[in-house]
Structure formats: structure tokens, C-alpha cells
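Counting from 369, one number per residue, gives the positions in the sequence shown under this note's numbering.
Cβ coordinates follow ideal geometry from the N, Cα and C atoms, glycine included.
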Amino acid sequence: MAPHARQVAAVLDKLAAKPATIYATGHGPLVRYGLKELTDAYRTWASQQKQRDLSVALIYASAYGNTAILAQAIAQGITKAGVAVEAINAEAADPAQIEAAVKQAAGLIFGSPTLGGHAPTQIQTALGIALAAADTSKLVGVFGSYGWSGEAIDWLETKFRDGGYRFGFATLRAKFKPTDALLKTCEEAGTDFAQALKQTKRTRQPKATGATAARDEQALGRIIGSLGVLTARQGEVYSGMLASWVSQATFNPPGLTVAVAKERAVESLLHRGSDFVLNLLAEGQHLSPMKHFLKPFGPGEDRFAGIEWEAATNGCPILKSALAYLECRVENRLECGDHWLIYAIAQRGQVLRPTDLTAVHTASPGLTINGPVGNSRVSRKQLPLNCHKLSCDRHN
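1. Please indicate yes or no: does the CB of Ile710 lie closer than 6 Å to some heavy atom of the ligand GTP?
2. From Ser430 to Phe537, what distance separates their C-alpha atoms?
3. Looking at C-alpha atoms only, which residue of Leu476, Pro387, Leu422 is the closest neighbour of Lys404?
4. Apart from the five residues on each side of it in sequence, which residues of its chain come closer than 8 Å, Cβ to Cβ, to Glu678?
5. Report the rounded CA-to-CA distance for Thr407 versus Thr393, giving the unit in angstroms.
6. Going by the DSSP bridge assignment, what does Ser615 pair with across the sheet?
7. Would you report the Cα separation of Ala409 and Gln416, rounded to the nearest angstrom?
8. Taking 7 Å as the CB-CB limit, is Pro387 close to chain B?
9. When you compare the CB positions of Arg716 and Glu695, do they come within less than 7 Å of one another, or not?
10. In the structure shown, what three-state DSSP assignment does Ile390 receive?
11. Per DSSP, Gln602 forms a beta bridge with which residues?
12. Is the beta carbon of Leu426 less than 7 Å from the beta carbon of Ala443?
13. Can you check DSSP and say which residues form a bridge with Ser594?
14. Any idea if Asp670 is buried or exposed, counting beta-carbon neighbours within 10 angstroms, 16 or more meaning buried?
15. Figure out for me which residue from Glu676, Lys418, Thr435 has the closest Cα to the Cα of Leu550.
16. Taking 6 Å as the limit between beta carbons, can you name the residues of its chain near Ala458, skipping five residues before and five after?
17. Here's a check: name, in chain order, each residue in its chain whose Cβ is nearer than 7 Å to the Cβ of Ser607, leaving out the five neighbours to either side.
18. DSSP three-state call for Gly641: helix, strand or coil?
19. Exposed or buried, Lys506, counting other C-beta atoms within 10 Å across all chains shown (16 or more means buried)?
20. Could you please give me the residues that DSSP links to Phe511 through a beta bridge?
21. Is the Cβ-Cβ distance between His729 and Leu595 less than 7 Å?
22. Just to confirm the assignment, what range does the beta strand (DSSP E) spanning Val453 have?
23. Would you decide whether Tyr401 is buried or exposed? Buried here means 16 or more other CB atoms lie within 10 Å of its CB.
24. Around the Cβ of Tyr432, are there at least 16 other Cβ atoms within 10 angstroms (buried) or fewer (exposed)?
25. Return the CA-CA distance between Ala769 and Val379, expressed in angstroms with no decimal places.
26. Taking only three categories from DSSP, how would you classify Asn620?
27. Whole angstroms are fine: how far does the CA of Asn682 sit from the CA of Met658?
28. As a quick exercise: from Glu651, Val628, Leu483, pick the residue whose alpha carbon is nearest that of His707.
29. Rank Leu499, Glu555, Pro481 by C-alpha distance to the C-alpha of Ile521 and give the top, closest one.
30. Is the beta carbon of Ala498 closer than 7 Å to that of Leu476?
31. Determine the direct distance from the alpha carbon of Ser513 to that of Ala611, and round the result to whole angstroms.
32. Would the segment 445-459 and the segment 540-558 be scored as touching if the rule is three or more Cβ pairs under 8 Å?
33. Three-state secondary structure (DSSP) at Val741?
34. Threshold first: 4 residues or longer. Then list the alpha helix (DSSP H) segments lying entirely within the segment 687-732, N to C.
35. Based on the DSSP output, what are the partners of Ser423 in its beta bridges?
Written out as C-alpha cells, the structure is:
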């Protein structure tokens, strides 16, 4: 509900004046208990949206619901990257609300269906308000759905290009009902859009002079971990990332934890009950897969193009260059600052290169492989022998 934080806050104010005894939602079970805790949680979430420095105005209309589905996927990608988004249905919003959102936002995203070869009147009006109120420094994006043509999407894109605006992602189009793969592309486009806004803000801010990393960050950067590639699949959607914050967590059941940055594309495939494969990389053979998964990928781009892999039992990719792999299922996840800590149970696995050593890494202060800045330094050294003696056969 993050894109609708303003509406949520209005409902919470009504509930404060006249508390409810039961919540009867239109899309789920009746809620009779814990109403205060749930209400307080929604107020906290809505407040967090208002406190974010950057925001995006996502303005759309939807004839048959398909454009609205695209809007929700884009909004999800924006919010997971730490940027607020206000979703406005132009068919129900008044001009003053649209103008206020446009002036406040650092970025604008417009979505429209095509009706009779044109955009709905409400979108045409909203675009006129936006072009009059927004300067060309704002980042923009365009998306939409159509049945036979799609002129409205082209019209929106042309208006912004003629106005001299910069685009945060390539225009997104859905013919009839959007597929799961396209929705994942929309989510990734939203994340890229948010990251571009954050980068622009950092560029405009004056740089601190003589700043050095704090001593605790320098010490934290000395922690080493196994270097691997986490791969996941959900239906027809595949994704993967370079993982370095990996640790064994439990003996019984055999469990591990892996930290995943919130803005990672693969994050949305790692909820409870989801499957993934952890491919551990071999020392001396790690550079090629490391460089491949560190490079930036465009929304919807195939992460495994040029990579040799085969499907695991759970359907996720096993890299043929891996030292070993573990097929895992997500048991739990914990929100930790700018990362999610994923706890998973290893269900099966195999060592593919018995004589090789595991590639490990030490992170430069303030930089991580899992995060948006992939500048971690890979260490060529293994742990000292006395450290290995502390582990038992199950570690080996």
C-alpha cells in the first residue's frame, strides 16, 4: 500500500475519530483481533513514506485493469529502492492533487491505455498539468497497455521527448494482460528509475573533503565470506546475483543465511517457501562469473546469457563452472537496514570440483558485492590452517 500512503493516512484519521471493532476488507479475511497493532503499523508505514527525501508521482488511467497492474509493479520496484511513490489514478483525481504531486516529485511516470487510438481525456489533462508544472530536470518514464495499436503510449513518449525530458527506463508496453515476465521487468524498471534519482541527488550534493571511512567500517570490511552466485526462478522468471554475505546458520536442519540488498531484482523471488540455488565459486575460476553478475543488467535482461547452466531439481540454474551447489528453500526473512537477511534450509547439494578451494572475499570499507556498488575485493587467500581446524567434517 506504499503508493497509496496519502489515502491510507486519511483512512487512519477517520479510524482515530471512530475506532472500528472489525476490519472487513474486500480482498481477504475479516480481522477481529490485534486491530490497534495493525493500525499502528499502517500509520508507521505511511509516515515512513512521507519522510523519504525523494518521491515519484506515478499517474495513470486504466480501462480494463491492465495498466493499473503495470503501475503497481513499477511502484513496487521504486519503493524497494527506498524512494517514495504516490500512485494517482487520473480518472479519480482532481487537477489540484495532480499539480501538487508533480511539483513535489523528483520524477514523473505516466501510464495509459489506448482507447479508440487515443489516450483517455483524463490522461491528456493530467499530462498538460505535468508539462506546465514540471521543469525538464525531472526524470520521466512511460508505460501502458493496449489491445490492437498502442498510440497513447507513443503519444506520451513523444510529448516528453519533445519537451526535453530524460527517461529513467525504456518505455514499457503490455498487449492485453501483462505476463509475469513483463511485471518483473516493470519492477526492475522502477528500481532503476529510483536508483537514477538517487544518483542524481548524490551528484548535485557537495562532496565532503578529507572524509575517511570510520574505524568500525574498516574493521567490518575485514570479515571474509564465501563467494557465490545465488540463482532463483519463479515460473518463467529467472534471476541471479553475486552473493558474498553467506554463512552457515544451523546444523539441524542444515541451514544458511544470505544477505540480499533490498533493491536487488532477485529479492522479490526470495519470500518464504521460495526456492533458490547457491552456487559456490571455485578459487581461480571465479573471475568470469563474478564479472558477469557484477555488471548492470537492464530491466528484463537475461542474467544467464552466455552462461552455461542446467536446471536443478527445484528448477533454478546450477552454474556448470561452480565448485559446489546447494538447493535451498527460504524458511524465513528478516529486514535488516538496507538488506534482507534470508534464512534458508539446504535440501540437497553436490560438490562438483572436489580438489578446488572455495573463493572468498574481503569487502572494501563501505562497499559490498550484494549492494548497489559492486566494488568488493576478492581475496586470493584461504583461511589459516588453524582456522580450518575449528570446523568439523560437516563444514568440509
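Quick answer:
1. Of the ligands one can find in the structure shown there are none, so the ligand GTP has no counterpart to examine.
2. As a first step, residue 430 is located in the sequence shown; it is residue number 62 there, counting from the start. As a first step, residue 537 is located in the sequence shown; it is residue number 169 there, counting from the start. If you draw a straight line from the Cα of Ser430 to the Cα of Phe537, it is about 21 Å long.
3. The count along the sequence shown starts at 1 and reaches residue 404 at position 36. Each of Leu476, Pro387, Leu422 was checked against the Cα of Lys404, and the nearest Cα belongs to Pro387.
4. Sequence index remark: in the sequence shown, residue 678 carries index 310 (1-based). Around Glu678: Pro685, Ile686, Lys688.
5. Numbered from its first residue, the sequence shown carries residue 407 at position 39. Numbered from its first residue, the sequence shown carries residue 393 at position 25. Going from the Cα of Thr407 to the Cα of Thr393 covers about 14 Å.
6. Translated into positions along the sequence shown, residue 615 becomes position 247. Looking at the DSSP assignment, Ser615 forms a beta bridge with Thr625.
7. Residue mapping note: residue 409 aligns to position 41 of the sequence shown, counting from 1. Residue mapping note: residue 416 aligns to position 48 of the sequence shown, counting from 1. Pairing Ala409 with Gln416, the inter-Cα distance amounts to about 11 Å.
8. This model lacks chain B altogether; it includes just one protein chain.
9. As a working note, residue 716 is residue 348 in the sequence shown. As a working note, residue 695 is residue 327 in the sequence shown. Closer than 7 Å, so yes.
10. Start at 1 with the first residue of the sequence shown, and residue 390 comes out as number 22. Note: Ile390 maps to coil in three-state DSSP.
11. Counting from 1 along the sequence shown, the entry for residue 602 is found at position 234. Answer is Val605, bridged to Gln602.
12. By 1-based counting over the sequence shown, the position of residue 426 is 58. By 1-based counting over the sequence shown, the position of residue 443 is 75. In this structure, Ala443 lies closer than 7 Å to Leu426 by Cβ.
13. Your numbering for residue 594 matches position 226 in the sequence shown. Paired residues: Val728.
14. Counted from its first residue, the sequence shown places residue 670 at position 302. Taking a 10 Å sphere around the C-beta of Asp670, we find fewer than 16 other C-beta atoms and assign the residue as exposed.
15. On the sequence shown, residue 550 is found 182 positions in, with the first residue counted as 1. Minimum Cα distance to Leu550 is reached at Thr435.
16. To locate residue 458, count along the sequence shown from 1; it is residue 90. The beta carbon of Ala458 is closer than 6 Å to those of Ile427, Ala429, Gln490, Ile491, Ala494 in its chain, skipping five residues each way along the sequence.
17. Translated into the one-based positions of the sequence shown, residue 607 becomes position 239. Closer than 7 Å at the Cβ level, and outside the excluded window around Ser607, lie Ala600, Ala633, Val634, Leu637, Arg671.
18. Translated into the one-based positions of the sequence shown, residue 641 becomes position 273. For Gly641, the secondary structure class from DSSP, reduced to helix, strand or coil, is coil.
19. Here residue 506 refers to the residue found at position 138 of the sequence shown. It counts as buried.
20. As a position in the sequence shown, residue 511 is number 143, starting the count at 1. BP columns for Phe511 point to Gly479, Leu540.
21. Working through the sequence shown from its first residue, we reach residue 729 at position 361. Working through the sequence shown from its first residue, we reach residue 595 at position 227. Yes. Within cutoff.
22. On the sequence shown, residue 453 is found 85 positions in, with the first residue counted as 1. In the DSSP annotation of this structure, the continuous segment of the beta strand (DSSP E) that includes Val453 starts and ends at 452-457.
23. Counting from 1 along the sequence shown, the entry for residue 401 is found at position 33. The C-beta of Tyr401 has fewer than 16 other C-beta atoms within 10 Å across all chains shown, which makes the residue exposed.
24. If you number the sequence shown from 1, residue 432 lands on position 64. Exposed: under 16 other Cβ atoms inside 10 Å.
25. This structure gives no information on residue 769, because the portion of the chain shown stretches from 369 to 764.
26. The residue labelled residue 620 in the question sits at position 252 within the sequence shown. Of the three classes helix, strand and coil, the one that applies to Asn620 here is coil, per DSSP.
27. If you number the sequence shown from 1, residue 658 lands on position 290. If you number the sequence shown from 1, residue 682 lands on position 314. Going by the C-alpha atoms only, they are around 23 Å apart.
28. As a first step, residue 707 must be located in the sequence shown, where it is residue number 339. Selected option, being the one with the closest Cα: Val628.
29. As a first step, residue 521 must be located in the sequence shown, where it is residue number 153. Answer by Cα proximity: Pro481.
30. Along the sequence shown, one-based indexing puts residue 476 at 108. Along the sequence shown, one-based indexing puts residue 498 at 130. It is a contact, given that the beta carbons lie within the stated cut-off.
31. Here residue 611 refers to the residue found at position 243 of the sequence shown. Here residue 513 refers to the residue found at position 145 of the sequence shown. Roughly 36 Å between the two C-alpha positions.
32. A contact exists between the segment 445-459 and the segment 540-558.
33. To locate residue 741, count along the sequence shown from 1; it is residue 373. With a pLDDT of 31 at Val741, under the threshold of 50, the modelled position of this residue cannot be trusted; read the value that follows with caution. Coil, per DSSP.
34. Taking 4 residues as the minimum length, the segment 687-732 contains no alpha helix (DSSP H) run wholly inside it.
35. Along the sequence shown, read from residue 1 onward, the residue named residue 423 stands at position 55. Under DSSP, Ser423 shares a beta bridge with Ala452.
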